[in-house]
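If you're matching them up, the sequences are chains P and E in order.
To convert, note that position 102 of the first sequence is 380 in this note's numbering; the numbers rise steadily by one, no gaps.
To convert, note that position 118 of the second sequence is 127 in this note's numbering; the numbers rise steadily by one, no gaps.
Input: a single structure, listed below in structure tokens.
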Amino acid sequence: MIVAGIDVGGKNVHIVITKNGDILAKAGAPSGINKAEAAEKVYDEALKQAGLTRKDVRRVVATGSSGQRVAFANGVIPDAAADARGVIRLIPSARTVIDVGAEEGRAIKISPEGKVLDFAINEKCAAGTGTFVDTMARALEISVEEMAKISLQSTKSIPMNAQCAVFGESEVVSLIHQKTPKQDIARAVHDAIAGRIGSVARIVGLENDVVIVGGVAKNTGFVESLKRDLGVEVKVPNDPDFVGALGAAAAAAAGVLGEEVKARVVEKETIEEGK
Amino acid sequence: MVEAKRIEPEKAEFWRWPETYWVNPAIDWHKGKFVTVGVDVGSVSSKCVIMVDGAVYAYSSMRTGSDSPDSAWKVVNWALKDTDMKVDNFDYCIGTGYGRVNVPMAQQTITEIACHARGANFMYGPEVRTVLDMGGQDCKAIRCDDRGKVLKFMMNDKCAAGTGRGMEVFADLIRVPVWEIGPRSFQTQKEPEMISSTCVVFAKSEVVGLLQEGVPENEIMAAYCAAMAHRIAELLNRLGIEEKFAITGGIAKNEGVVKRLEKELGVKTMDRVWFNKDMRTSKIPFDTMVAGAIGAALFAQAMLERGRVKSARKA
Chain P
279 MIVAGIDVGG KNVHIVITKN GDILAKAGAP SGINKAEAAE KVYDEALKQA GLTRKDVRRV
339 VATGSSGQRV AFANGVIPDA AADARGVIRL IPSARTVIDV GAEEGRAIKI SPEGKVLDFA
399 INEKCAAGTG TFVDTMARAL EISVEEMAKI SLQSTKSIPM NAQCAVFGES EVVSLIHQKT
459 PKQDIARAVH DAIAGRIGSV ARIVGLENDV VIVGGVAKNT GFVESLKRDL GVEVKVPNDP
519 DFVGALGAAA AAAAGVLGEE VKARVVEKET IEEGK
Chain E
10 MVEAKRIEPE KAEFWRWPET YWVNPAIDWH KGKFVTVGVD VGSVSSKCVI MVDGAVYAYS
70 SMRTGSDSPD SAWKVVNWAL KDTDMKVDNF DYCIGTGYGR VNVPMAQQTI TEIACHARGA
130 NFMYGPEVRT VLDMGGQDCK AIRCDDRGKV LKFMMNDKCA AGTGRGMEVF ADLIRVPVWE
190 IGPRSFQTQK EPEMISSTCV VFAKSEVVGL LQEGVPENEI MAAYCAAMAH RIAELLNRLG
250 IEEKFAITGG IAKNEGVVKR LEKELGVKTM DRVWFNKDMR TSKIPFDTMV AGAIGAALFA
310 QAMLERGRVK SARKA
């Protein structure tokens, strides 16, 4: 049976087409302004890769923050459910999934069957999301890839005072003015986001194996920082940004067209009483 | 009311609020006993207030640079620009604000919370009980007594939402000078729903989306001002407002935020009237940004009067 899973996130669209569990095609592109349109385009590209037409595909399940906008989908499942299904296929020993996307960071406790047991999410604050890393890379005038690479060369940990992405940008600029080596600033940025993600992960608790997925999982510098913050080994599957789409495809294959998960929404307390 | 001198910003920098300075022509400082100075080096703006025997003689307000001591010198020199006063004529100077430890000409530092409450007491009168200081990178809600003494306060200095930086970022994004945002936010057919994202970074994406949908710019400004007011109301509700209520800091100048905040809270802000030491009002052009520096200068004055500190005057 041929099915497809599509993940429409804040920044990118990912699609996976599978046949009896084997991957036939994978495609991804920026989701842009018109997410519905981007989804159509990426779907057609994946079909072309697989040498198929839309009629060949039995079911399509969508996920992601704009999963509802996918006109050709037969069903929509939440990101956490898609992550759980996708991760368990790739790494069956996974029990904790950390997913860091462009606009969200979530931690999911999963069962050996790939069911969501507990789930915490930060979607209110850009600190602790891929947007934070993008913003800081821009301030450093280097690419995210470059920032990931150089941060691994840093041996010095400088704590960032700012938690907010807006204030963090000013802090990075002032660190540049103080002639702080770029690799140390890069590491500081990764340490800062890892700290935020780590606190979300600790809400659901860490059970081995811990797996990280989402676009930010491709950032090796961040993964190192996260390992340090969590104090446990963290596994990264191949193509971690396609895991949501893969999980949606797995749901499609299983005939699951909808699923509900309860989230614990994490909001950083920003108001404090003065002394 | 007398207009303060404004330096218009370059067209391309929409965030750049007008810097101000003013000298009181009614005061001959040579005849005064004490010259006291407050220098408030904030994260975004630096302010200097020079007082002669407890009356405002001069003030200035400008952007903080990357170096705090340098910013302190610049803002002090700007306040002195049209006078024959020198730094050596200062009897006592107190530094306050985020960069207070880096004010080279100051003999002492006092926290900005204490200074803002004291300054608001002077600017708005002794009836003020709740002061909201809307700063560049933080927001503080302060309860104080009739002498301007701090009783309790709540603050947010972790998140750019509800701070001046948040408004600057928005001004640059929508390409409208920051001081036009307030007035233009009322030039709309209807009051739109507020921006739903709290985070400034996510609010930016939301605004971009609204612009692309063709929502009128003024409506987007209204939506942003309302979101900011909502954010600040959370802080005030946590503190609990006791009237009368006054606002200081840069955002106090943005009526788009202030009017919506009043509406959300159901509380009016106080009229802007300066009080002098003898409780007579004076006609000084009002700049809400200098409240902290005024408080610092007043603390210096009180310390000298009570003989708690010695004059550091060199000339």
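Beta carbons are placed, not taken as given, at the ideal position from N, Cα and C, and that holds for glycine.
Please read all numbers here as calculations on a predicted model, not as lab measurements.
Beta carbon proximity, residue i to chain P, threshold 9 Å
i      : result
E/G175 : yes
E/A88  : no
E/R247 : yes
E/T207 : yes
E/V178 : yes
E/S214 : yes
E/C153 : no
E/S55  : no
E/S75  : yes
E/K149 : yes
E/Q117 : no
E/G316 : no
Counterpart residues of residue i in DSSP-defined beta bridges
i      : result
P/D300 : P/K297
E/W31  : E/Y68
P/P437 : Answer by DSSP bridge pairing: none, since P/P437 is not bridged.
E/T45  : E/M60, E/Y101
E/A54  : According to the sequence as given, residue 54 of chain E is Ser; it is not Ala. Answer by DSSP bridge pairing, in chain order: E/R72.
P/P308 : P/N290
P/G509 : DSSP lists no partner for P/G509.
Residue i: contacting residues in chain P (beta-carbon distance under 8 Å)
i      : result
E/E243 : I549
E/I122 : G552
E/N165 : T548, I549, E550
E/F162 : E551, G552
E/Q221 : I311
Below-9 Å beta-carbon distance, residue i vs any chain E residue
i      : result
P/A529 : no
P/Q441 : yes
P/E408 : Before going on, a small fix: residue 408 of chain P reads as Gly here, not Glu. Taking Cβ atoms only, chain E never reaches closer than 9 Å to P/G408, which makes this a no.
P/H468 : no
P/E537 : no
P/G525 : no
P/G288 : yes
P/S448 : yes
Proximal residues of chain E, C-beta to C-beta of residue i below 7 Å
i      : result
P/E381 : F211
P/S429 : Correct list: empty, because the minimum Cβ distance to chain E is about 21 Å.
P/H252 : Because residue 252 of chain P is not part of the residues shown, which for chain P are 279 to 553, the question remains open.
Neighbouring residues, chain E, relative to residue i (Cβ below 9 Å)
i      : result
P/K402 : S206, T207, C208, F211
P/T413 : V210
P/S371 : In chain order: nothing, as chain E lies at least about 35 Å away.
P/S344 : Within chain E, no residue comes near P/S344; the closest Cβ sits about 12 Å away, beyond 9 Å.
Residues that residue i contacts on chain P, provided the C-beta gap is smaller than 7 Å
i      : result
E/F131 : Those within 7 Å of E/F131 in chain P number zero; the least Cβ separation is about 21 Å.
E/A169 : C442, V444, F445
E/Q146 : F445
Pair within 9 Å by beta-carbon distance, residue i and residue j
i      : j      : result
P/T374 : P/A528 : no
P/V467 : P/G493 : no
E/M114 : E/W87  : no
P/A372 : P/F410 : no
E/T257 : E/D76  : no
P/G288 : P/G379 : yes
P/S499 : P/S435 : Residue identity differs from the one stated: residue 499 of chain P is Gly in this sequence, not Ser. No.
P/V354 : P/G522 : no
P/R367 : P/L524 : yes
E/F179 : E/K213 : yes
P/V294 : P/A317 : no
E/I229 : E/V216 : yes
P/D396 : P/D285 : no
P/R336 : P/I301 : no
P/A554 : P/A282 : Given that chain P is displayed from residue 279 to residue 553, the structure contains no residue 554 of chain P and the question cannot be resolved.
E/T172 : E/L248 : no
P/G406 : P/I475 : yes
E/V84  : E/M71  : yes
Residue-level contact to chain A via CB, residue i, 9 Å cutoff
i      : result
E/G218 : The structure shown contains no chain A; its protein chains are P and E.
Cross-chain neighbours of residue i in chain E, by beta carbon under 8 Å
i      : result
P/I475 : None at all; the shortest Cβ gap to chain E is about 16 Å.
P/S452 : S75
Review point. Could you give the uninterrupted runs of the alpha helix (DSSP H) lying entirely in the region 66 to 148 of chain E, keeping only those of 4 residues or more?
Key: Runs of the alpha helix (DSSP H) inside the region 66 to 148 of chain E: 77 to 89, 121 to 133.
Exercise for review: Report the residue ranges of all beta strand (DSSP E) runs contained in full by the region 420 to 491 of chain P; include only those spanning at least 3 residues, in chain order.
Suggested key: Taking only runs of at least 3 residues, the beta strand (DSSP E) segments lying wholly in the region 420 to 491 of chain P are 488 to 491.
Check your understanding: Mind pulling the beta strand (DSSP E) runs of 3 or more residues that sit fully within the region 229 to 300 of chain E?
Key -> Taking only runs of at least 3 residues, the beta strand (DSSP E) segments lying wholly in the region 229 to 300 of chain E are 254 to 258.
Review point. Which full runs of the alpha helix (DSSP H) of 4+ residues lie inside the region 342 to 394 of chain P, going along the chain?
Key: DSSP runs (the alpha helix (DSSP H)) wholly in the region 342 to 394 of chain P: 357 to 368.
Exercise for review: May I have a chain-ordered list of the alpha helix (DSSP H) segments no shorter than 4 residues that lie completely inside the region 151 to 201 of chain E?
Suggested key: Listed in chain order, they are 173 to 183, 187 to 193.
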